[in-house]
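**Q** One structure is given below, represented as structure tokens, and several questions about it will come after.
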Amino acid sequence: MKNVLVTGSNGFIGKNLIEALNRKEDVCVKCFDREDTTDTLVGLIKDADFIYHIAGANRPKKIEEFEAVNVDLTQKIVDILATYNKKAPIVYTSSIQAGKDNPYGKSKKRGEDILIKYSVENNVPIYIYRLLNVFGKWAKPNYNSVVATFCYNIARNIEIEISDPKTELELIYIDDLVEEFLKAIEREGKYSENYFFKIDTTFKITLKRLAEVIYEFKNIKGTQIVPDMYDRFTRCLYATYLSCVDKDELHYELDTKSDNRGQLTEIIKSRHFGQIFISKSNKGVIRGNHYHNTKIEKFCVIEGKAVIRLRNIFSNDSEKINYYVSGDKIKIVDIPPGYTHSIENLSDGELIVLFWADEIFNPCEPDTYFKEV
Ligand SMILES: NC(=O)c1ccc[n+]([C@@H]2O[C@H](COP(=O)([O-])OP(=O)(O)OC[C@H]3O[C@@H](n4cnc5c(N)ncnc54)[C@H](OP(=O)(O)O)[C@@H]3O)[C@@H](O)[C@H]2O)c1
Numbered sequence: 006m007k008n009v010l011v012t013g014s015n016g017f018i019g020k021n022l023i024e025a026l027n028r029k030e031d032v033c034v035k036c037f038d039r040e041d042t043t044d045t046l047v048g049l050i051k052d053a054d055f056i057y058h059i060a061g062a063n064r065p066k067k068i069e070e071f072e073a074v075n076v077d078l079t080q081k082i083v084d085i086l087a088t089y090n091k092k093a094p095i096v097y098t099s100s101i102q103a104g105k106d107n108p109y110g111k112s113k114k115r116g117e118d119i120l121i122k123y124s125v126e127n128n129v130p131i132y133i134y135r136l137l138n139v140f141g142k143w144a145k146p147n148y149n150s151v152v153a154t155f156c157y158n159i160a161r162n163i164e165i166e167i168s169d170p171k172t173e174l175e176l177i178y179i180d181d182l183v184e185e186f187l188k189a190i191e192r193e194g195k196y197s198e199n200y201f202f203k204i205d206t207t208f209k210i211t212l213k214r215l216a217e218v219i220y221e222f223k224n225i226k227g228t229q230i231v232p233d234m235y236d237r238f239t240r241c242l243y244a245t246y247l248s249c250v251d252k253d254e255l256h257y258e259l260d261t262k263s264d265n266r267g268q269l270t271e272i273i274k275s276r277h278f279g280q281i282f283i284s285k286s287n288k289g290v291i292r293g294n295h296y297h298n299t300k301i302e303k304f305c306v307i308e309g310k311a312v313i314r315l316r317n318i319f320s321n322d323s324e325k326i327n328y329y330v331s332g333d334k335i336k337i338v339d340i341p342p343g344y345t346h347s348i349e350n351l352s353d354g355e356l357i358v359l360f361w362a363d364e365i366f367n368p369c370e371p372d373t374y375f376k377e378v
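Every position in the sequence shown, counted from 1, becomes a number in the numbering used here once 5 is added.
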């Protein structure tokens, strides 16, 4: 069992890292954050086999905080290690600002220098990551993450400020960072003069596009149209957006069309995979008796019993195909183009069917032609 200390454990990166470490069986995670004392830190370092030094001042109220946290706390950790003759490898979250002529950049560079000295003197590896902007769940809004700020504010109808829409961001997703950090603990722990490490996967987007994408997420409640989730960046952004939505806003009603046959509700739509919709049909109801030229569909009975009838529009009645389906044994019936089809509720009660169509229903071009099966 490895004792792993995480400083900055209540912060955005710290929380995500700790959750991942807790899922590992051979790791015992120890946390250190702002409210803990130096005595606590000493006790934790004495036991630590590995340290993630994540605590940092990013946007402090007082400028002196940069020095007090990014430099002094780093020095304190190294001093405690020396006092107890401990040689724990350290992962350090520096920044691309390191070395730049601003208080944050200067303090991060000094933190790096302290750790490199510790590494050389003690023959122990350190892993410094000069991070770009990181985004993902549990980042604080209106603080150091523009993604969190946009997601949080757009979700709450708060106007966002875009200084220069053309500004391009290069971002790291939190899961990629955590995955890389977990690799560090699994390395052999040999000293190397290679102190600097990188997260290889990054995503680029302009501020304007970022705002547009997040507004699209917000509008899903009204349109049901989800963006292309094949694009991983979009998936990561949508996950981040949903993590920022107020817990009372995580539900929404759908527009249900009702008539004497029952109900029909479109659930989710995509320009890439079409749409999923659900129908409820009253006893004895027959839906369909139409065919499509190109549109294809899949029918899946969830509850009740039904017969799905299919007929190639060029064939006669004797070539009709009957599929008897029931919610007891979930199966799909494919509806090819050029086959007129219907579904009849054979149950004593309601029939519930889930459908997939390969395009979003367009009332102006429905690709639907009446023909009795
Ligand atoms: N997120 C990014 O995009 C990004 C990019 C480049 C570098 N980094 C670096 O990565 C680290 C983590 O960033 P983050 O986004 O997770 O920031 P964060 O959410 O602010 O987390 C930092 C944590 O460290 C704590 N902390 C501050 N001073 C401390 C002290 N003296 N003793 C103990 N804990 C202290 C903070 O507590 P309080 O909340 O009370 O201050 C907070 O819980 C920072 O060092 C940051 O500079 C982050």
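Positions of the beta carbon are idealized from the N, C-alpha and C atoms, including for glycine.
(1) Hey, is the stretch 289 to 296 in contact with the stretch 346 to 361, meaning 3+ C-beta pairs nearer than 8 angstroms?
(2) Which residue marks the beginning of the beta strand (DSSP E) containing I357, and which one marks its end?
(3) May I have a chain-ordered list of the beta strand (DSSP E) segments no shorter than 3 residues that lie completely inside the stretch 50 to 76?
(4) Once the 5 residues before and after F140 are set aside, which same chain residues still bring their CB inside 6 angstroms of it?
(5) Counting only runs that start and end within the stretch 242 to 297, where is the beta strand (DSSP E) found for 3 or more residues in a row?
(6) In whole angstroms, give me the CA-to-CA distance for A103 and E70.
(7) For the beta strand (DSSP E) that V151 lies in, which residues bound it at each end?
(8) From the DSSP output, in three-state form, read off K213 for me.
(9) Where do the N-terminal and C-terminal ends of the beta strand (DSSP E) with K373 fall, by residue?
(10) Going by beta-carbon coordinates alone, are F17 and A189 separated by less than 7 angstroms?
(11) Report the rounded CA-to-CA distance for I273 versus G354, giving the unit in angstroms.
(12) Got a list of residues with beta-carbon closer than 5 angstroms to any non-hydrogen atom of ligand 1, in chain order?
(13) With three or more C-beta pairs closer than 8 angstroms as the rule, is the stretch 246 to 256 touching the stretch 178 to 186?
(14) Kindly indicate the opening and closing residues of the beta strand (DSSP E) around T98.
(15) Looking at C-beta atoms only, is the number of pairs between the stretch 54 to 62 and the stretch 91 to 99 that lie closer than 8 angstroms three or more?
(16) At a threshold of 6 angstroms, does P368 count as lining ligand 3 (C-beta to nearest heavy atom)?
(17) Does the beta carbon of D106 sit closer than 7 angstroms to a beta carbon anywhere in chain C?
(18) Go ahead and pull the three-state DSSP assignment for D333.
(19) Between the beta-carbon of L212 and the beta-carbon of T172, is there less than 7 angstroms?
(20) Within the same chain, show all residues whose beta-carbon is closer than 8 angstroms to that of F202, passing over the 5 residues directly before and after it, in chain order.
(21) Can you tell me which of the three DSSP states A189 falls into?
(22) Starting from A87, trace the alpha helix (DSSP H) in both directions and tell me its first and last residue.
(23) What are the boundary residues of the beta strand (DSSP E) that includes V125?
(24) Suppose the cutoff is 6 angstroms on Cβ atoms and the five residues either side in sequence are ignored; what does the same chain contact list for S352 look like?
(25) Of the choices D84, S323 and S286, whose alpha-carbon is the least far from that of V306?
(26) Do I121 and Y200 have their C-beta atoms within less than 7 angstroms of each other?
(27) Any contact between the stretch 110 to 121 and the stretch 77 to 84? By contact I mean 3 or more CB pairs, one from each, below 8 angstroms.
(28) Return the first residue and the last residue of the alpha helix (DSSP H) that A25 is part of.
(29) Give me the Cα-Cα distance between F360 and F222, rounded to the nearest whole angstrom.
(30) Within the continuous beta strand (DSSP E) that includes Y387, where are the two ends?
(31) Thinking just about the alpha-carbon of each residue, which of N63, R192 and Y123 is nearest to the one in N147?
(32) Quick check on I68: buried or exposed, where buried means 16 or more other Cβ atoms within 10 Å of its Cβ?
(33) For P341, count the other beta carbons within 10 Å of its own beta carbon; 16 or more makes it buried, fewer makes it exposed. Which is it?
(34) Kindly indicate the opening and closing residues of the beta strand (DSSP E) around V312.
(35) In chain order, what residues of the same chain have a beta carbon less than 8 angstroms from the beta carbon of D5, not counting five sequence neighbours either side?
**A** Well, looking at it:
(1) yes
(2) L356 to A362
(3) 55 to 58
(4) S150, V152, L176 and T245
(5) 261 to 264, 267 to 275, 279 to 286 and 291 to 296
(6) 16 angstroms
(7) Premise fails: V151 lies in the alpha helix (DSSP H), V151 to A160, not in any beta strand (DSSP E).
(8) helix
(9) Residue identity check: residue 373 is Thr in the sequence provided, not Lys. Premise fails: T373 is in no beta strand (DSSP E) and is neither H nor E.
(10) no
(11) 26 angstroms
(12) G13, N15, G16, F17, I18, D38, R39, I59, A60, G61, N63, V74, L78, T98, S100, L136, N138 and V139
(13) no
(14) I95 to S100
(15) yes
(16) The model on display carries ligand 1 but not ligand 3.
(17) Here chain C cannot be found, since the structure has a single protein chain.
(18) coil
(19) yes
(20) Y132, I133, Y134, E185 and A189
(21) helix
(22) T79 to T88
(23) Run containing V125: none in the beta strand (DSSP E); it sits in the alpha helix (DSSP H), P108 to N127.
(24) G309 and K310
(25) S286
(26) yes
(27) yes
(28) F17 to N27
(29) 23 angstroms
(30) Since the first residue shown for the chain is 6 and the last is 378, residue 387 is missing from the structure and cannot be characterised.
(31) N63
(32) exposed
(33) exposed
(34) K310 to N317
(35) Lying before the first or after the last residue shown, residue 5 is absent from the chain, which here runs from 6 to 378.
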